[in-house]
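First comes the structure, then the notes that go with it.
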Amino acid sequence: MTFPLMRDRHLDAETRPQTRKNWQTFLQPPARPWYADWRLLLALIAFTAVTRAASFGSPVISNDEEFYLLVGSRMLHGALPYIDIWDRKPVGLFLIYAATSALGPFQVIQYQIAACLSAGCTAWVLYRIARMIAPADGALIAAACYPIMLAGFSQIGGQAPVFYNLPVAIAAWWIARRYRDGDTRKLFAGGCGIMLLLGIAMQIKYTVMFEGICFGLALMWLAHVHGLHRGRIVPMAVAWVACALLPTAAAMAAYAAIGHLDEFVFANFVSIFSRESGMMKAVRRLAILTFFLSPLWVLLLWAPRRLGLRGNGSPQLAFIKAWAIAAFVGFLLIGTYYDHYVGPLLVPFLVLGARALGWQGMRRRFAIGTLAFITICTAIHVPIRIHLAGNRDQFRTVAAAIERQLGPDGCLYIHEGEPGLYHATGACTVTRYLFTTHLNSLKEQHALGIDTAAEMRHIVAQRPQVIVKAVEPYSDPPNRPARAIMDRALARDYRETGRYQLGVHTLEIWRLRDR
417 MTFPLMRDRH LDAETRPQTR KNWQTFLQPP ARPWYADWRL LLALIAFTAV
467 TRAASFGSPV ISNDEEFYLL VGSRMLHGAL PYIDIWDRKP VGLFLIYAAT
517 SALGPFQVIQ YQIAACLSAG CTAWVLYRIA RMIAPADGAL IAAACYPIML
567 AGFSQIGGQA PVFYNLPVAI AAWWIARRYR DGDTRKLFAG GCGIMLLLGI
617 AMQIKYTVMF EGICFGLALM WLAHVHGLHR GRIVPMAVAW VACALLPTAA
667 AMAAYAAIGH LDEFVFANFV SIFSRESGMM KAVRRLAILT FFLSPLWVLL
717 LWAPRRLGLR GNGSPQLAFI KAWAIAAFVG FLLIGTYYDH YVGPLLVPFL
767 VLGARALGWQ GMRRRFAIGT LAFITICTAI HVPIRIHLAG NRDQFRTVAA
817 AIERQLGPDG CLYIHEGEPG LYHATGACTV TRYLFTTHLN SLKEQHALGI
867 DTAAEMRHIV AQRPQVIVKA VEPYSDPPNR PARAIMDRAL ARDYRETGRY
917 QLGVHTLEIW RLRDR
């Protein structure tokens, strides 16, 4: 890969200028202003809604977003992440769910509509970026692939990448336009805005920092090739870094002001390094993801050679390649390789793949093959995912059974089950560890900063009115010491009131015995 703005001896036949002029003179100007494609924006949002039709209104799409909704909705009643409800996700993600929850009483569908709008808008920005390096039909096909692939990688609801891909894509769009047009007017101010946007994205998922580093270097390079002296570039870069860190610094300052900086720092920056990864399972998941990403590997690695697409002289193409590499590095370094972690790869990979897509000649074959593969895989994956997690009727049956046992003031503890049941029942809680994996998984035993066995003893000592557990442990490996403490309390103080199917799991509902 040639880095942006390299000398024109690297240009291919399609982009080599007839005279040795500055690269700005031969790049094509934008054909249309960005707002001219508003009809396409609406069409992509509508298409995204179609790809998500099976999940709209379901409260049991993913335990992750069930938990995000729980935290966001309870923030409206004064709960604070990391203090009242513990997790290691950035606070910005919970603020999104708090904002959608504040819109009205239909909180599940509200966050799903917001996620659909975000995904559809991201597809549109993807199209706009792809138009800088690809024909219109290829860019459109790539944009249509995005919501399909989101659904195929378990992002049919409101997983974090669905939200943070949009600000990252907007930032990439702005920088790519600067590279294409050679327009460095207001580079400093615009760069500050872009890096602030990336900082906001980092408060949805910290792994955005890899794209942020790439984009910051791209801004510095752009300033360099336009003749700015190093003495000016360095303070500009410092300001850009400060803008990127500003949202995180603001969150830290807010927690410091209320005396909980230590809790914020531990949850956000320390605990992740104490969680056990389960390397062999992660490697298997990576192999599976590699297979299901195979259409993108074809479009990125083989199709350009087959079609004779070199494009080394396009500065915006080189920037987009650098973006794709940064996203891929971030993906690899996470190390757990769950399917929704593919999310940040999709936008830059599809932008690059758009060059090989179209409705003419060999591009048509690549387009048909890509669309067929991802559509078939998604059509198979989504029903399987729903079967594994459970459907809305099963969820409502379990929630109703819990409510019958709770009474007006009873508290609930879910050891294994869906965290969305806390939200559905509105029950009070007896622990701040409401994401069930935190206490039922051995991988988290040393990552919470507490003795999980002691926390379980604290939970059962409070005698919650209802305890929910699965017949077989959810996690592999389970936290057996914590489960043993709970089982002894159930045998001594509780009676089982029923068993209910939720997806592939059978849940037991236990009610506190009358004294």
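In the working numbering, the protein residues as written are 417 to 931.
Each residue gets a CB set at the ideal place from its N, CA and C atoms; glycine is no exception.
{"Query": "Quick one: any contact between the region 594-602 and the region 552-570, if contact means 3 or more CB pairs under 8 angstroms?", "Result": "no"}
{"Query": "Take residue 918 and list the residues in its own chain whose beta-carbon comes closer than 6 angstroms to its own, dropping the five residues that flank it on each side.", "Result": "806, 810 and 814"}
{"Query": "Identify the continuous alpha helix (DSSP H) that holds residue 759 and give its terminal residues.", "Result": "759-769"}
{"Query": "Residue 537 and residue 468: beta carbons closer than 8 angstroms?", "Result": "no"}
{"Query": "Decide if the region 538-548 is in contact with the region 510-528; the criterion is three or more beta carbon pairs, one per stretch, under 8 angstroms apart.", "Result": "no"}
{"Query": "Return helix, strand or coil for residue 917, following the three-state DSSP convention.", "Result": "strand"}
{"Query": "Could you check if residue 940 is buried or exposed, using at least 16 other CB atoms within 10 Å of its CB as the buried criterion?", "Result": "For the chain, the structure presents residues 417 to 931; residue 940 sits outside this window and is missing."}
{"Query": "Have a look at residue 614 and residue 663 and give me their C-alpha separation to the nearest angstrom.", "Result": "9 angstroms"}
{"Query": "Thinking C-alpha only, which one of 650, 620 and 842 is nearest residue 486?", "Result": "842"}
{"Query": "Ignore the nearest five residues each way along the sequence and tell me which others in residue 790's own chain have a CB closer than 8 angstroms to its CB.", "Result": "561, 564, 565, 568 and 711"}
{"Query": "If I follow the unbroken beta strand (DSSP E) through residue 890, where does it start and stop?", "Result": "Residue 890 -> no beta strand (DSSP E), and no H or E assigned at all."}
{"Query": "How about the region 776-785 and the region 838-856: do they share at least three Cβ pairs that are nearer than 8 angstroms?", "Result": "no"}
{"Query": "Does the region 624-639 come close enough to the region 577-596 that 3 or more CB-CB pairs lie under 8 angstroms?", "Result": "yes"}
{"Query": "Within this structure, are the beta carbons of residue 927 and residue 881 separated by less than 8 angstroms?", "Result": "yes"}
{"Query": "Could you give the residue range of the beta strand (DSSP E) that holds residue 828?", "Result": "827-830"}
{"Query": "Starting from residue 671, trace the alpha helix (DSSP H) both ways and give me its first and last residue.", "Result": "646-673"}
{"Query": "Helix, strand or coil: how does DSSP classify residue 834 here?", "Result": "coil"}
{"Query": "Do residue 913 and residue 951 count as a contact pair if the criterion is CB distance below 8 angstroms?", "Result": "What the structure shows of the chain is the stretch from 417 to 931, and residue 951 is not part of that stretch, so it cannot be assessed."}
{"Query": "Between residue 558 and residue 777, which are expected to be in contact by the criterion C-beta below 8 angstroms, what is the C-beta distance as a whole number of angstroms?", "Result": "At roughly 17 angstroms, the Cβ-Cβ gap does not stay under 8 angstroms, so residue 558 and residue 777 are not in contact."}
{"Query": "Measuring straight from C-alpha to C-alpha, what distance separates residue 456 and residue 739?", "Result": "25 angstroms"}
{"Query": "Cα separation between residue 798 and residue 604?", "Result": "44 angstroms"}
{"Query": "By how many angstroms is the C-alpha of residue 579 removed from the C-alpha of residue 691?", "Result": "25 angstroms"}
{"Query": "Could you give the first and the last residue of the continuous alpha helix (DSSP H) run that contains residue 944?", "Result": "Since the first and last residues shown for the chain are 417 and 931, residue 944 lies out of range."}
{"Query": "For the alpha helix (DSSP H) that contains residue 609, what are its first and last residues?", "Result": "603-618"}
{"Query": "From residue 660 to residue 744, what distance separates their C-alpha atoms?", "Result": "20 angstroms"}
{"Query": "State the beta-bridge partners of residue 497 as determined by DSSP.", "Result": "501"}
{"Query": "Could you tell me the distance, in whole angstroms, from the CA atom of residue 871 to the CA atom of residue 505?", "Result": "21 angstroms"}
{"Query": "Quick one: does residue 769 have its CB under 8 angstroms from some CB of chain C?", "Result": "Going by chain labels, chain C is absent from the structure shown, which holds only one protein chain."}
{"Query": "Give the DSSP-derived three-state secondary structure of residue 444 in the structure shown.", "Result": "Below a pLDDT of 50, predicted positions are generally treated as unreliable, and residue 444, at 44, falls in that range; the measurement from the model is reported next regardless. DSSP places residue 444 in coil when its eight states are reduced to three."}
{"Query": "Based on the DSSP output, what are the partners of residue 883 in its beta bridges?", "Result": "829 and 926"}
{"Query": "Check for me: the alpha helix (DSSP H) holding residue 697 runs from which residue to which?", "Result": "695-708"}
{"Query": "Residues bridged to residue 845 by DSSP?", "Result": "828"}
{"Query": "For residue 495, I'd like the list of residues in its chain whose CB is within less than 6 angstroms of its CB, leaving aside the five on either flank, ordered along the chain.", "Result": "501"}
{"Query": "In the structure shown, what three-state DSSP assignment does residue 527 receive?", "Result": "helix"}
{"Query": "Are the beta-carbon atoms belonging to residue 877 and residue 898 less than 8 angstroms from one another?", "Result": "no"}
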